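Just so you know, we're using the numbering used here here: the sequence shown kicks off at 22 and counts up by one.
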Amino acid sequence: MAFVVENLRLRELAIVAEQNKPAFEYFVQFLVKQGYQSLHAFVSDQDSAKAGAVILRFLRAPLPMGVQLYDGIARPYAQDKAKWLLLGWIFRDAPEQRLRPMISSMPGNSSLEKQAVLLNEVRASVGKIFPEPSRWEWTAVSEVIIDRLEGSRRAIKGTLFEAIVRRSLSAIFDDGGVNLTIGNAEIKLGGETYDVSVVGKKGRILIPVKTRETMGGGHALLFTRDIHKSIAVAHEAGFDCLPVIIAESWAGDLTALACKDYVYINKNPNQVLEVEPLLVEELKQRLPAFQEIM
């Protein structure tokens with residue numbers, strides 16, 4: 022059995038993190054222009070009113086040409102979100118998951134003012150937790166950014182392959198003269214989510230897209246259980262199910278899957294360029310099954 026020992030995920034995340042370094046450096050330069058000697062001096066500032074005003078000024082100012090913040094698969098964020106995320110990451114927090122629900126409770130006359138108040142409070146708090154100057158250099162901050170990028174990447178990867186399946190099926194159906202409808206949105210059924218659906222006059226095929234980067238551990242068992250459950254729920258509701266599984270050396274028992282067919286790609290989902298043509302070929306082989314519901 023072939024294994025990919027190299028941590029492809031970490032390598033790619035490190036590359037994206039470096040692409041975000043200019044945004045970090047721009048913020049540090051912005052602070053210097055506001056009278057701070059360094060990022061460490063800023064997070065250590067006891068003058069909350071001054072620091073809060075600087076944060077608000079940064080949020081209001083446009084990013085210069087060529088300075089962008091990228092998500093886990095190197096797509097640029099919109100400017101307003103980029104500045105919000107950048108400060109949240111620098112201050113060692115989760116701006117979307119933890120901080121955003123708090124914004125509406127902050128004082129201020131606008132969303133930006135409320136964001137600035139919240140970020141300033143986070144700044145003052147984290148400055149006490151990490152008082153060492155070395156914690157505020159790029160080397161340390163980049164580790165935090167890699168962690169945050171991994172979270173965004175995990176969420177994006179699922180939708181990435183979902184889009185690839187939709188696009189591939191559309192091309193296959195066009196080439197084969199197959200008149201079927203591909204759903205544009207996921208379907209929720211019995212607590213399960215089906216990323217892609219194909220609808221014809223004689224029925225509907227639900228396609229859950231499941232990806233996993235690593236092989237072992239308790240999460241691997243949950244991954245296998247999740248696949249079995251999604252198939253069972255689809256069948257109980259009277260639908261055919263064609264699971265698409267992209268997982269390197271997955272140890273699940275494929276023969277035990279309660280479905281007529283499945284697509285299994287024995288690759289790490291981070292290897293998108295290698296996975297996509299294999300996936301397209303597998304879907305082409307299932308064209309007769311799709312034609313049955315025309």
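Glycine included, C-beta positions come from ideal geometry on N, C-alpha and C.
Keep in mind it's a predicted model, so treat the numbers as computed, not measured.
Beyond the five residues adjoining it in sequence on each side, alanine 145 comes within less than 7 Å, by CB distance, of Ser69 in the same chain, given in chain order. Exposed is the label assigned to threonine 276, since fewer than 16 other Cβ atoms lie within 10 Å of its Cβ. Counting C-beta pairs closer than 8 Å gives three or more between the stretch 97-111 and the stretch 32-50, which meets the contact rule. Secondary structure note for isoleucine 36: it is in no beta strand (DSSP E), and the uninterrupted alpha helix (DSSP H) holding it is 29-40.
The three-state secondary structure of tyrosine 47, taken from DSSP, is helix. Around the beta carbon of serine 155, fewer than 16 other beta carbons sit within 10 angstroms, so the residue counts as exposed. Here the stretch 196-209 does not lie against the stretch 118-127, with fewer than 3 beta-carbon pairs under 8 Å apart. Straight through space, the alpha carbons of aspartate 261 and threonine 232 are spaced by roughly 20 Å. Assigned with DSSP and collapsed to three states, serine 146 falls in helix.
As computed with DSSP, serine 218 is found in a beta bridge with Leu227. Here leucine 210 carries a strand assignment [DSSP, helix/strand/coil].
Taking the CA atoms as reference points, leucine 139 sits about 21 Å from tyrosine 98. Taking 8 Å as the upper bound for CB-CB distance, glutamate 207 and valine 254 are not in contact here, some 14 Å apart. When C-beta atoms of the stretch 163-176 are compared with those of the stretch 61-78, fewer than three pairs fall below 8 Å, so the two segments do not count as touching.
In the three-state reduction of the DSSP assignment, isoleucine 314 falls in the coil class, being assigned neither a helical nor a strand state. Lysine 54 has its alpha-carbon roughly 18 Å from the corresponding atom of glutamate 158.
Proximity to lysine 222 across Val88, Gln312, Ile252 and Ser131 peaks at Gln312, based on C-alpha coordinates.
Apart from sequence neighbours up to five positions away, the residues of its chain that approach glycine 224 with a beta-carbon distance below 7 Å are Asp261 and Ile314, ordered along the chain. In this structure, DSSP gives alanine 137 a helical state, which the three-state scheme calls helix. By DSSP's assignment, alanine 268 forms a beta bridge with Arg233.
Rounded to the nearest whole angstrom, the C-alpha separation of alanine 137 and phenylalanine 51 is 16 Å. Annotation: the continuous beta strand (DSSP E) that includes isoleucine 286 extends over 284-286. Residue state for aspartate 68 is assigned as coil, using DSSP reduced to three classes. In terms of CA proximity to phenylalanine 112, Ile150 leads the group Gln100, Leu90, Asp101 and Ile150.
A distance below 8 Å separates the beta carbons of glutamate 33 and asparagine 291. Considering only Glu257, Ser65 and Ile177, the residue with the shortest C-alpha distance to cysteine 280 is Glu257. DSSP places lysine 104 inside the alpha helix (DSSP H), whose first and last residues are 100-111.
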